[in-house]
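One structure is given below, encoded as structure tokens.
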Amino acid sequence: MLRLDRLEIRQGDFRLNADWQVAAGERVAVIGPSGAGKSTLLMAIAGFIAPERGDILWEGRSLLQVAPGDRPVSTLFQDQNLFPHLTVAQNLGLGVSPALRLAPVDRARMEEALIRVGLGGLGGRRPGELSGGQQGRAALARALLRARPILLLDEPFAALGPALKADMLGLVSEIAGETGATVLMVTHDPADAVAFAPRTAVVAGGIASPPADTADLMRNPPPALAEYLGRFRA
Amino acid sequence: MNASILAAGILTIATMAMAETPVLTVLTYDSFTAEWGPGPAIEKAFEAECGCDLKFVTAGDGAAVLARLKLEGTRSDADVVLGLDTNLTADAAATGLFAPHGQTVATNLPVAFNDPLFLPFDWGWFAFVYDKAKVPTPPKSFEDLAASSLKIVIEDPRSSTPGLGLLMWVKAAYGDRAPEIWAALADNIVTVTPGWSEAYGLFLNGEADMVLSYTTSPAYHLIAEKDDSKAAAAFDEGNYLQIEVAGKLASSPHQELADKFLAFMLTESFQGAIPETNWMYPAVTPKDGLPKGFETLVIPSKSLLLPANEAQALRAPSIEEWRAALAR
Amino acid sequence: MARRAGPVTRAGRAVALGVAALTLGTLLAVLLRAETASFGPADWSALRFTVLAALTAATLSVGLAVPASRALTRRRFPGRGLVITLMGAPFLLPVVVAVLGLLAVFGRSGLINRTFEVLGLSPVSIYGPHGVILGLVFFNFPLAVRMVLSGWQAIPAERLRLAAALGFGPDAVFRHLELPMLRQTLPGAFVAIFLVCLTSFAIPLTLGGGPRATTLELGIYQALRFDYDLGRAALLAAAQFALCAVAVGLAARLALPTRFGAGLDRQVERWDTRGWVLRLQDSVVLMLSCGFLMLPLAMIALRGVEGLPEMPASVWPAALRSVLVALVSTALCMAATVTLCAAISAGPAARWIETAGMLPLAASSLVLGTGLFILVHPFASPERLALPVTALVNAAMAMPYALRLILPAHREVEAAFGRLSDSLALTGLARLRWLILPRLRPVIGFASGVVAALSMGDLGVIALFANESQATLPLVVQQLMGAYRMPAAAGASLLLVGLSFALFWICDRGGRRHAAS
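Chains as they are written, first to last, in my numbering: chain A, 2 to 235; chain B, 1491 to 1818; chain C, 58 to 574.
See the structure below:
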């Protein structure tokens, strides 16, 4: 279980509070107006922002003193998910062993992961030689390999077209299902939330509200969400 | 038992060390030991007769040699210091590091030179060197030079021995009128270089008509390059002398060997190497005379040299005079 | 940020302490041996001249480097790579050689005055304050160009494309992309060059035309070599450090960190540079810069070629020693600089660590050498340590250049890929190997070249420690010049320049080839 315990994040004048939890294996969308702190919340969980107060716990253990790379977390950022100077295979390998000391069994798993995301045989390419969708798939393959219990998606597929994005989300669903990962996904598109996440947390006005049923939320949005959704209200 | 074995061991090592060839260390300036300098020939000749190993340790120039000695103090590994000049000897004597040489040798210096601590090994006159084709009528004095439109390059007295020599030259020739002479020379001076090499290099590249060097400089061009176009100007007021000396250190464990070296320094095999390697006059003229070509060199009518302690006392005020006169 | 002080960070702090000990510790060693110290009126005027000359020369070098490096970024022409490589040359020349090369062009009987003579114009004199500035700019302008050029290349292709898509003209590109880059790059370059000028003395004295052009470093030389006034030497050296501290502090206030974010290593193309006025402007700038730098170099080469047959046999072992010392220095310097960068990026005490890395620029190599001598002499024969000490000191003295070149690139890499690396637990040596080294390869190659060549040309410490069997090539050049053998010295200088340049080229190319693959 991932627990945000009276968490308060401060960055200059900006403030964000959260006090809720997500069960293991659950999929939660994080939605809200731009600048409300969706990414900030994820970056705090990933370990890049130290909270002002409160705690972040996984299975009852505080993560605050744990370095980002040692947290039970895989993160897909908005961009820069791959090292451009390394091949796709090396990028995947770094997810297995930061020193890139790979046993044959690791290599086999990497190739499997590539095949799983539809990039079989492309391990020798560099990111610059891949399309945007393929880059996303490569990053996802690495997350699959690392098999961390929490997967954070900070709008990694925002730049993709609707069909492609739907494919990718489908892939994330499958992979998360296979690894049993808890997924937090930032999105600005309610359709994504509906399609992907049974529950949704609204971030607005300095508060990340506890996740609620996505369908209920969309039917009956609280004022902050309603304002953001705008046309959906009608 | 252990202690006695240790003692025996130390004793053995000590006897072994004593049985080894003694090493005589000479601290000198680096051009002395260069492949083309006097060092290699002298090392060979001395080692042939001393049954020792002659080792040179070098510092940049005469002044650097003295600075190095002061840094090392009594801990210096050197036995003999070679290459100080008469502008530095008072300072060197004041360190108290040198031991009297106790030798009397007849030398052919143009002035009497008797110093209980230092023996001369070569000497030369400072002079302005020029190209005979470009300067058909060289100046006969500093005043002549100042009145002419000739351009000269000189060395900085704060960083080079020839520069300091020039300062003493003007002081010895003109005394209290020195600042006036410097002020008059200001428009002739193209530039002031940190050392002799830069000044001479600028002169050879045509940046100036004359350069402060030695009366013996034309001999290098004549003998080594078969080029007789260079000459040095003798001044009516006299030319200042540079005498290069050596002395032994009181801290040396090889006093006898050091004495032997100083005596060797004034023999034929050392002195004969000087003219065509150091391009200076040897302190003792070799039996067969100077190498062919040296007879063409100008001989100043008068030799100037300030006593060592006077030169030392004048140094700081003269540098200040010089700076003030040229900074205007 | 939950970043730990890993082994690399600790090593970086150790390096910073080591450099501080080497620069300030040796100064202290000299000071402790001193009896009295005073700062006379001549020293004040030297201080004034030093600061004024260094300020002017640094302003000009950096100011001129902006159009020149801009032209180099914007234009593709045959031989461009060669021009960029040759840009490194003047900086790497031994001072005496460079001065003679400059005089062959600007001197009383140099090319320009001979041309003037033919045209019936009255001759111009290079000697004086303007000559000092000219000499300092000759040395440092190319360095400035290279520093600014790497800033220009750090603007990602994506941003330029965005600018093109928004219809930015050259002015808008300048304001929104280039100006922020310059605000980040120029203060560092300015300070580096200001400090180089601060500690020079042969150029000011030789071209300055007299004692007016006296710098602090000459005072140090005089105090150490001539007067054996250790107190005064230490005091002057301390004044240099104080100036350095002020300069570094000011630069840190002026420099605005920019975050361009990362690109995807696409080929940089410029869309804003197609007008003919710009083309003309760039061509003129490039031709003038090349002429200014290349003519003296050509004269040095011409003289040197004549002297090559005159070289004595001792140049060859000396050349070998110089190359070996340079290679060891370079390896040391790169290892130390990269660790230092890692420690700076890690955050805590970054300002202090960076300042420690810049200290050697303000250090007088004479004071440093003398201090080391005082420290080493009681324990070991200085001769025995001559070459290791030279390698160490050269590495330390070159570190500020390496740091100025590598640190901005390092920061960019950390800004772009730091989070991703952290999230993958890519730390310590693995981060170095898989992120830092590959991303920094071009700049490390270039910096290695600079360091190797600087070490080749350095005279500072070896002259104090070495005996005749350990002479390096610059020492041999100096000895040849001191023994009337100017042609042989010119030949050996050419050999020195050639070797420095070859080392520089190999390192620089090595870095760039890997980057391209």
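All C-beta atoms in this analysis are idealised placements derived from N, C-alpha and C, irrespective of residue type, glycine included.
Q.
Can you tell me whether A:R200 is buried or exposed? The criterion is at least 16 other CB atoms within 10 Å of its CB, across all chains shown.
A. buried
Q) Taking a cut of 9 Å between CB atoms, which residues from the segment 1771-1799 of chain B lie near chain C? A) none
**Q.** Under the three-state DSSP convention, the category A:N18 falls into
**A.** strand
**Q.** Residue span of the alpha helix (DSSP H) that contains B:Y1710, given as start and end
**A.** Boundaries of the alpha helix (DSSP H) around B:Y1710: 1707-1715.
Q. Are the beta-carbon atoms belonging to A:A205 and A:G33 less than 8 Å from one another?
A. yes
Q: Could you please give the first and the last residue of the uninterrupted beta strand (DSSP E) stretch that includes B:E1734?
A: 1729-1739
Q) If we call anything under 8 Å between Cβ atoms a contact, is C:S207 one with C:L462? A) yes
Q) beta strand (DSSP E) containing A:R200: first to last residue? A) 200-205
Q: Quick one: measure Cβ to Cβ for B:S1707 and B:K1716, integer angstroms, because I've assumed they're closer than 8 Å.
A: About 15 Å separates the beta carbons of B:S1707 and B:K1716, which is beyond the 8 Å limit, so they are not a contact pair.
**Q.** Rounded C-alpha distance that separates A:L161 from A:R62
**A.** Rounded to whole angstroms, A:L161 to A:R62 spans 36 Å at the Cα level.
Q) Which value, in whole angstroms, describes the spacing of the CA atoms of C:M538 and C:A406? A) 47 Å
Q: Mind listing the chain B neighbours of C:H467? Cutoff is C-beta to C-beta under 9 Å, in chain order.
A: Simply none; closest approach about 38 Å.
Q. What is the rounded straight-line gap between the Cα of B:Y1620 and the Cα of B:E1697?
A. 12 Å
Q: Select from the segment 99-128 of chain C all residues with a C-beta closer than 7 Å to any C-beta belonging to chain B, and list them in chain order.
A: A99
Q) Tell me, which residues are paired with A:M186 by DSSP? A) In DSSP, A:M186 forms a bridge with A:A30, A:L154.
Q: Inspect the beta-carbon positions of B:V1601 and B:L1731 and report whether they are closer than 8 Å.
A: B:V1601 is a Cβ neighbour of B:L1731, given a cutoff of 8 Å.
Q: Report the three-state DSSP secondary structure of C:G361 (helix, strand or coil).
A: helix
Q) Where do the N-terminal and C-terminal ends of the alpha helix (DSSP H) with C:I463 fall, by residue? A) 443-480
Q.
Quick check on C:L21: does DSSP put it in helix, strand or coil?
A. Coverage of chain C is limited to positions 58 through 574, which leaves residue 21 of chain C absent and any answer about it impossible.
Q: Tell me whether C:V433 counts as near the ligand MN, meaning its Cβ is closer than 7 Å to at least one heavy atom of that ligand.
A: Of the ligands one can find in the structure shown there are none, so the ligand MN has no counterpart to examine.
Q: Report yes or no: is there a C-beta of chain C within less than 8 Å of the C-beta of B:A1636?
A: no
Q: Would you verify that the beta carbon of C:S480 is, or is not, closer than 8 Å to some beta carbon of chain A?
A: yes
(Q) I'd like to know whether the C-beta atoms of C:N170 and C:P186 end up nearer to each other than 8 Å. (A) no
Q: Report the residue ranges of all alpha helix (DSSP H) runs contained in full by the segment 543-573 of chain C; include only those spanning at least 4 residues, in chain order.
A: 543-573
Q) What does A:G70 reach in chain C if we use C-beta pairs closer than 9 Å? A) What A:G70 touches in chain C: S478, D479, S480, L481, A482, L483, T484.
(Q) Run through the DSSP bridge pairs and tell me what B:T1683 is partnered with. (A) B:E1645
Q: For C:R496, go through chain A and note every residue whose CB falls closer than 9 Å to its CB, in chain order.
A: F84, P85, H86
Q. Would you report the Cα separation of C:D322 and B:A1553, rounded to the nearest angstrom?
A. Confidence at C:D322 is low in this model, with a pLDDT of 47, below 50, so its placement is unreliable and no value can be given for it.
Q | Within chain C, the residues that A:G96 reaches when beta carbons sit closer than 7 Å | A | L481
Q.
Based on DSSP bridge pairs, tell me the residues matched to A:I10.
A. A:L17
Q: Could you please give the first and the last residue of the uninterrupted beta strand (DSSP E) stretch that includes B:M1549?
A: A quick correction: the sequence has Ala, not Met, at residue 1549 of chain B. Counting along the chain, the beta strand (DSSP E) containing B:A1549 begins and ends at 1543-1549.
Q: From the DSSP output, read off the bridge partner residues of B:L1572.
A: B:T1518, B:A1736
Q: Please say whether A:F197 and A:L172 have beta carbons closer to each other than 8 Å?
A: Not a contact, by the Cβ cut-off of 8 Å.
(Q) I'd like to know whether the C-beta of C:M344 is nearer than 8 Å to at least one C-beta of chain B. (A) No, C:M344 does not count as interfacial toward chain B.
Q.
By the 9 Å beta-carbon criterion, what residues does the segment 210-230 of chain A contribute toward chain F?
A. Of the protein chains in the structure, A, B and C, none is chain F.
Q) Span of the beta strand (DSSP E) holding B:L1702? A) 1700-1704
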